[in-house]
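Let me begin by presenting the structure, written as structure tokens, before commenting on it.
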Ligand SMILES: NC(=O)c1ccc[n+]([C@@H]2O[C@H](COP(=O)([O-])OP(=O)(O)OC[C@H]3O[C@@H](n4cnc5c(N)ncnc54)[C@H](OP(=O)(O)O)[C@@H]3O)[C@@H](O)[C@H]2O)c1
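In the numbering used here, the protein residues as written are 658 to 1172.
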């Protein structure tokens, strides 16, 4: 075994087999192993690499083999394949030379910036060969011939996309405008959107689309303000991280009834989804009460205050039939709109339905009885040095599809407010885990950054500040503002700059806490 393990072909063969099995099992490219270390002696309790209960003692194993593993990851023959290239990676067991050389398929990050000069000129066109240049860089990165017209973005996962973006930026010697990147499905389209240095600014597709959106007036009938007490609130986004905590807070600190608009095949299915979301976030009392059939102790009183309506922000009339929509409009005294597709990577087309059309539909619903809209927006709609009265310009907002969708949602609400609809806007910065429960939004950036940092044992050493506010603080603030001024008010920023940490401080705190 010792001789086999020491053979130079053994490592690459095992690695290729593991990667092949991983790919067959549907793992994403970044989940495939990048290197292996073969050892003849298995982990044992005697040498401390196994615990007495037979589990792997990770720290001892890393101490023993870590350096070799690191070396093989960084070696140029390491198979760090970022691509989802259909041709895949060479299988050394079937390669003509016995297949121990993986270097041809390796991604050599050092060579990315130059692009491979011996690749064929894959495209040329009205952009003066720019598409061909970008295709050469992509080919070099992905280890296969990439054509400028193929729908490349679909073929990349987020890591691959980030690597390609970095390589193209380096090739061009200047930052690649993200709106152009997000709006392009192929490198030909991207090249068409890139403005040669010194030429006149070209219109961005996103800006044009947003301008068209703003030109479509919000459908409002005549507004007749009705003074009425606040008894029932329509809450959107209740299955989400903030929304579930808003529901908890509304039930705990007010006597209000809450109607939750939740996606689901039926009202019952939507109620089950909401119960599960609350339980997953540790909001036990609310989750358990919703899961109980109505009328049964102990959560009956709580559950009776919650009505769950199956609906979709992106659908006409919220996906309700006309009668249900009329009933909803007639029964609520305020709308707390926290629902949105929250993604910094999604293209505008994936955000528009929930984030822009959804606000439009809710504004029309509110307008029927001049029902106040309490809109959860984001701090990303204002400039970094702005205040509650400042707004990004359309062009600045269009630097990200997500920020643009929230900015448009605000703009449409302002149009309605200018015509008399009561409005309040809340703009949180990053919403952080619960201050007591520690529960977090497992899909969001903060959670992934902290978990990733801890797993990798490294952090970003940056002076940039992470402006984070615990979700329970944000929910409490919004509910307090809503109940204090149900008829709306000025925009409010829910930020935590003074107590926030920089990436570097957060990293040091994690190291100190041995996380
Ligand atoms: N997270 C932050 O750091 C942050 C910062 C500033 C502002 N905000 C704002 O705060 C609000 C809540 O964010 P979050 O982090 O709690 O987001 P989240 O966890 O992703 O929740 C989003 C919610 O919106 C719902 N939703 C999405 N599309 C919908 C549709 N078409 N119809 C009905 N419901 C839909 C989701 O329902 P499903 O369960 O059906 O998907 C979910 O309940 C958003 O308006 C966001 O822009 C968030």
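Quick reminder that beta carbons are idealized off the backbone N, C-alpha and C, glycines included.
Computed from a predicted model, the values in this text were never measured in an experiment.
Residue i, DSSP secondary structure in three states
i	result
residue 773	In this prediction, residue 773 scores a pLDDT of 28, lower than 50, which makes its location untrustworthy; the coordinate-derived value is nonetheless stated afterwards. In the structure shown, residue 773 sits in coil (DSSP, three-state: anything other than H, G, I, E or B).
residue 1085	strand
residue 1151	strand
residue 1122	strand
residue 880	coil
residue 707	strand
residue 1012	helix
residue 836	helix
residue 666	coil
residue 695	coil
residue 722	helix
residue 683	coil
residue 1136	helix
residue 863	helix
residue 1115	coil
residue 871	helix
residue 1129	helix
residue 671	helix
residue 1099	coil
residue 1170	coil
residue 1144	coil
residue 978	coil
residue 1110	helix
residue 1003	coil
residue 841	coil
residue 729	helix
Residue i, buried or exposed, once every other Cβ within 10 Å from all chains shown has been counted against 16
i	result
residue 883	exposed
residue 1174	Absent from the model: residue 1174. The displayed extent of the chain is 658 to 1172, so no value can be given.
residue 1017	buried
residue 678	exposed
residue 727	exposed
residue 698	exposed
residue 940	buried
residue 828	buried
residue 928	buried
residue 893	buried
residue 1075	exposed
residue 1144	exposed
residue 688	exposed
residue 886	exposed
residue 881	exposed
residue 1116	buried
residue 1078	buried
residue 1086	buried
residue 912	exposed
residue 661	exposed
Distance CB(residue i)-CB(residue j) smaller than 9 Å
i	j	result
residue 895	residue 934	yes
residue 863	residue 839	yes
residue 1031	residue 1080	yes
residue 799	residue 825	no
residue 872	residue 844	no
residue 1146	residue 1024	no
residue 917	residue 989	no
residue 992	residue 1136	no
residue 926	residue 971	no
residue 942	residue 956	yes
residue 1132	residue 959	no
residue 717	residue 709	no
residue 1033	residue 1060	no
residue 1092	residue 1129	yes
residue 1170	residue 1118	no
residue 835	residue 851	no
residue 702	residue 722	no
residue 868	residue 1051	yes
residue 847	residue 791	yes
residue 788	residue 796	no
Beta bridge counterpart(s) of residue i as assigned by DSSP
i	result
residue 992	891 and 1030
residue 1158	1123
residue 713	707
Closer than 9 Å to chain D by CB, residue i
i	result
residue 1020	As a matter of chain content, chain D is missing from the structure shown, which is built from one protein chain.
beta-carbon residue i near ligand 2 non-hydrogen atom, thresh 8 Å
i	result
residue 999	Judged by which ligands are present, ligand 2 is missing from the structure shown, whose ligands are ligand 1.
Runs of alpha helix (DSSP H) wholly within the stretch 895-974 (minimum 4 residues, chain order): DSSP runs (the alpha helix (DSSP H)) wholly in the stretch 895-974: 898-910, 924-937, 941-948 and 957-961.
Can you give, in chain order, each stretch of the alpha helix (DSSP H) that sits fully within the stretch 1019-1096 and has at least 4 residues? Those alpha helix (DSSP H) runs which fall completely within the stretch 1019-1096 and span 4+ residues are 1051-1054 and 1058-1075.
Return the chain-ordered ranges of every alpha helix (DSSP H) run that is complete within the stretch 784-829 and spans a minimum of 4 residues. Within the stretch 784-829, the complete alpha helix (DSSP H) runs of at least 4 residues are 787-799 and 815-829.
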